[in-house]
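First residue of the sequence shown: 41, per the working numbering; consecutive thereafter.
Glycine included, C-beta positions come from ideal geometry on N, C-alpha and C.
Step one of this worksheet: look at the structure below.
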Amino acid sequence: MWRVPMGSASRLAIRSLQARRRRTSLLVLAVALSSLLIAAVATAMTSIQGSLVQRIATTIGQSDVVVKPRGTGQSISEAWIDEAKTWPGVEIVAGRSEAPLSLRANVDLYRPLGDDPDTYEFVRTQTKVNAMGNGFEVEAVERIRPLPIVEGRLPETSNEIAIDTLLADRLAGREGDSGAMGGAIAMQNILVSKNEKLDAPKAAKSEADLHNEKVEIKVGDSIEQVSGLIRQRTKVLTVVGIVEPPPLGGRPQAYMTREALADLAGEPGRVTAVEILLAEGVDADQFVAERKAALSEDAASRAIIQTTAKITSNLNKNMRSSRIGMILASAISFLSASFIIMTGLTVDVAERQRELAVLRCIGGHRNQLAKSQILCGLIIGGVGAVLGTPIGIAMCALLMYILRDQLRSGIVITWWPVLLAGTGAILAGLIGALWPAWKASSVSPLRALSPRATAVRTKSIALVGVVGLAGVLIQIATVALPTDGDVAFYAYILFGLPAMFIGYFLLGVPFVVIGSRLLGPVLTRLLGLPPKMLERTIAQTPYRFGFTAGAMMGGLAIMISIWTQGGSVMRDWLGNLKFPDAFVSGLALSPEAQQTLDDLPFVTGTCAITLHPVKTDSFGIEGMTTYTSTFVGFEPEIFFDLAELQFIEGDEETAKRRLLEGGAIMVAREFQTAKGLGVGDTFVCTENETEHEFEIVAVVTSPGLEIVSKFFNIGEEYAQQALHAVFGTRQDMIDRFGKESISLIQIEIDQDFDDAEAVQIIREKMFPYGILDAGSGRSIKQQLKYVLGGAIGASTIVGVCAMIVACFGVANLIAAGIEARRFELGVLRSVGAQKSLLLRMVIGEALVIAFAACVLGSVLGFQGAWAGRRMNALIIGLEMKAHFPVLGTGLGWVLVTIITIGAALPAGYFIMKTSPRALLQTKG
């Protein structure tokens, strides 16, 4: 087919691009910015996932197999260590312990003097911090659980401790967030007591801050572990090492030998887990199967054996599936770039129509002309990829450097972000060149040599509109008709989403025509343009203007979709969560701790809560994502008095009676939304490969206890990937899952007592009990709003970036339109038209493009948000109402208009400054 040598086509392509360097540069910049954006976001995603993997490695270690108690927060005998060493195929065995620590230190700080915030006095202060204690085997730590040491060494004796930099800062009296993700909300503020005045002059705030920043807990210093309330016991520990905190933040961490930590926790001879590193060549799954078969019934009831790969399988699967979303976002971004390239190259073909006809007349082949256009697209895409991809990765590297304290793994560069950005840019150029290639090769020489002005048929515009509308309807059908989440998801990403975006791009053509007819008379009067000039200009090239408007609408659609979804989440999910007044969280809280809380005068009630992850098939996409759910165990009599439950199905009296009888649960309404589960149905969950069945006795709105748990433990429970909750009794929790430890204490506070003051007192009283966190429901909700607001803000930035990408298409279109009408504009100037007329005409064209982009982008964004809500309901059971963001949409319209006009102004200013003689010399 391709008989003409490639060299002639390449020379033709290069000549064509060089002849219009400014416009070629605009097309290259559009592709480069798309590539930059995709490379930066994809690399950031990979880097965050790298930190997740590192966080999991820190939490789970590098072992192949782990032996652990059946219930979380429990322990097993250290005899398992000796037994595991006798198993064939084992190379290294190490015990591990976890326990909360209550640490305090004495530091000399400047503290505010009474009510005077500007005067500070020098005092010896006792700081108190709750931390997570980690016990390790000294001889196996390098192989099983290596720790990045900043200074010093790891502990070797029972009176030594290593602390992470976060804990060192807290003990030194410095407050702040617990890492990148916030972590323990109440523990951002340290406890301070026993302020002993020292003989030193008072200081101003600036001087005090300077001194306090220099205070540190360093290697060689002594700190104390505190336990017990009535008979308070302390143990002096020497800091021998400072280590890096875990990636992505979380609680402050401390490290001791396993035996020393077990003694401090009051559990000598017990371990939290036994970690096993297998010899090379030993299959972990087969090893676990053999060991399970050899376990006695008594041993199997107390401990479980599983591979570490199984622990992280859900997270790994969900991280891989997240790439699908990135690929779809990239496809949409580069689709926009393709339309920009297609518009630019089509304009080029139209301008060079006679030149191409002459080439055909002197022996040029159709294929030669087609190849030249395809090469133009490939060159534009290739150069854009070369420019944008490395800059995007560099920008991501800068961001990772700024967040280096939280994202400890730093930037992670893998093949797929580079391939995604580079290949996407090249494909965008290729796809964008296909229509111009066909256009260049299909027109006969005689027709091409005829006058250029040919009327665009109204039928063709209507046909494009019908095809675009069909794409929109296809998306609606793929989202509205399926009732199964898996079917809806695959139909949406394979057919609905591409059809919707292509449909709206095509609808840009009739919309700019409609917009020019609606706004034309108004803009003509406002801008002082000749009658019908604006309408005629757009009517002559509706496809160019329409596709440019389609490219511009993408950013606005992203913004409106995110704002709509975000508003729905804020109102219908977060707004409906009825968190109890306060919480205390820990690994295994004691009944004494609960009694201490009950004795506080402002506490009107407490309820012990046990949390445990269970596997269900209610949420996610089969074969792609897997989520667990949280089984919330409670004492029904107390829980129903404290929790603000709304019964969707069932009633409190019946539910309480059936729960006390056993074998019954209440489910959150998300289970009903996603899977249609209701009262009388059987709920099946799996825990440690054992199925458990419960009768559903009520469907309720969740009081948010699982959210509290995840929020407190953020940075430490990524492997579980839990979603939503079911509610049963603690007795069923003990009977079915073997877990009886208290994970959370729910607290109700007197309405007349201040929440913040109450939480401060609770933390003081609970400090010796080794709690990990304490906080109020109100502060949790505020922090969640802050996190959601940040996510919405980041998505808004992406939308603005998409607008900036599209603005290069606008600039290219305006420049091409001016180039094609230079002679006409020269005539206007020669007969007395003002210089500013040309600029006003350009602004009018930009306003029509902006109008079409605003209307289409708003409808597309709202339709996309509707599809997102539908997917959320079918896949994760989250049902939300639509809330159209009027203020945000107005802001988006303003941004689109400003960016569109801003993109058009340079070309308009340039033509305004060009003399009539120069314009008239360019005829033909």
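>> Quick check for students: name the residue ranges of the beta strand (DSSP E) that lie wholly in the stretch 580-647, counting only runs of 3 or more.
In response: 622-629
> With burial defined as no fewer than 16 other Cβ atoms inside 10 Å of the residue's Cβ, what is the status of residue 852: buried or exposed?
Replying inline: buried
> Fully enclosed by the stretch 194-220, which alpha helix (DSSP H) runs are 4 residues long or longer?
Replying inline: 205-211
> Is the Cβ-Cβ distance between residue 706 and residue 736 less than 9 Å?
Replying inline: yes
>> Measuring only the C-alpha atoms, how far is residue 626 from residue 123?
In response: 30 Å
>> Please report the straight-line C-alpha distance between residue 255 and residue 788, rounded to a whole angstrom.
In response: 38 Å
> With a CB to CB cut of under 8 Å and the five nearest residues on each side skipped, what residues in its chain are close to residue 238?
Replying inline: 148, 162, 163 and 164
>> Looking at residue 692: is its Cβ nearer than 9 Å to the Cβ of residue 738?
In response: yes
> Do the CB positions of residue 263 and residue 280 come within less than 9 Å of each other?
Replying inline: no
> Per DSSP, which one or two residues make a beta bridge with residue 163?
Replying inline: 149 and 237
>> Let's test the definition: count the other Cβ atoms within 10 Å of the Cβ of residue 154 and tell me whether it reaches 16, buried, or not, exposed.
In response: exposed
> Where do the ends of the alpha helix (DSSP H) carrying residue 942 lie?
Replying inline: 926-953
> For the beta strand (DSSP E) that residue 318 lies in, which residues bound it at each end?
Replying inline: 313-318
> Taking residue 836 as the reference, which of 595, 575, 878 and 747 has the closest Cα?
Replying inline: 595
>> Looking at the secondary structure, which residues open and close the beta strand (DSSP E) in which residue 784 lies?
In response: 782-789
> If you draw a straight line from the C-alpha of residue 226 to the C-alpha of residue 204, how long is it?
Replying inline: With a pLDDT of only 38 at residue 226, under 50, the local geometry of the prediction cannot be trusted, and no value is derived from it.
>> Going by DSSP in three states, residue 382 sits in which element: helix, strand or coil?
In response: helix
>> Please report the straight-line C-alpha distance between residue 796 and residue 766, rounded to a whole angstrom.
In response: 30 Å
> So which of 377, 943 and 342 has the shortest CA-CA distance to residue 775?
Replying inline: 342
> Do residue 783 and residue 113 have their CB atoms nearer than 9 Å?
Replying inline: yes
> How many angstroms separate the CA atom of residue 59 from the CA atom of residue 425?
Replying inline: 22 Å
> Based on the DSSP output, what are the partners of residue 281 in its beta bridges?
Replying inline: 192 and 202
> Run through DSSP, which three-state label would residue 543 get?
Replying inline: helix
> Which residues bound the beta strand (DSSP E) around residue 669?
Replying inline: 668-674
> Can the beta-carbon of residue 266 be found closer than 9 Å to that of residue 274?
Replying inline: yes
> What do you get for residue 938, buried or exposed, if any count of 16 or more other CB atoms within 10 angstroms of its CB means buried?
Replying inline: exposed
>> Please identify the residue among 80, 336 and 209 whose C-alpha is closest to the C-alpha of residue 282.
In response: 209
> Quick one: what does DSSP say residue 303 is sitting in, helix, strand or coil?
Replying inline: helix
>> Could you compute how far the alpha carbon of residue 951 sits from the alpha carbon of residue 885?
In response: 15 Å
> Which residue's Cα is closest to the Cα of residue 127: 727, 211, 173 and 335?
Replying inline: 335
> Rounded to a whole number of angstroms, what is the C-alpha to C-alpha distance between residue 688 and residue 708?
Replying inline: 9 Å
>> Once DSSP output is grouped into helix, strand and coil, what is the label at residue 764?
In response: strand
> Just to confirm, does residue 693 get its C-beta within under 8 Å of one of the non-hydrogen atoms of the ligand PLP?
Replying inline: You won't find the ligand PLP in this model; it holds no ligand whatsoever.
> To which residues of the same chain is residue 953 closer than 6 Å at the C-beta, ignoring the five residues directly before and after it?
Replying inline: none
> Could you give the residue range of the beta strand (DSSP E) that holds residue 732?
Replying inline: 730-740
> Taking the Cβ atom as the reference point for each residue, do residue 144 and residue 174 lie within a distance shorter than 9 Å?
Replying inline: no
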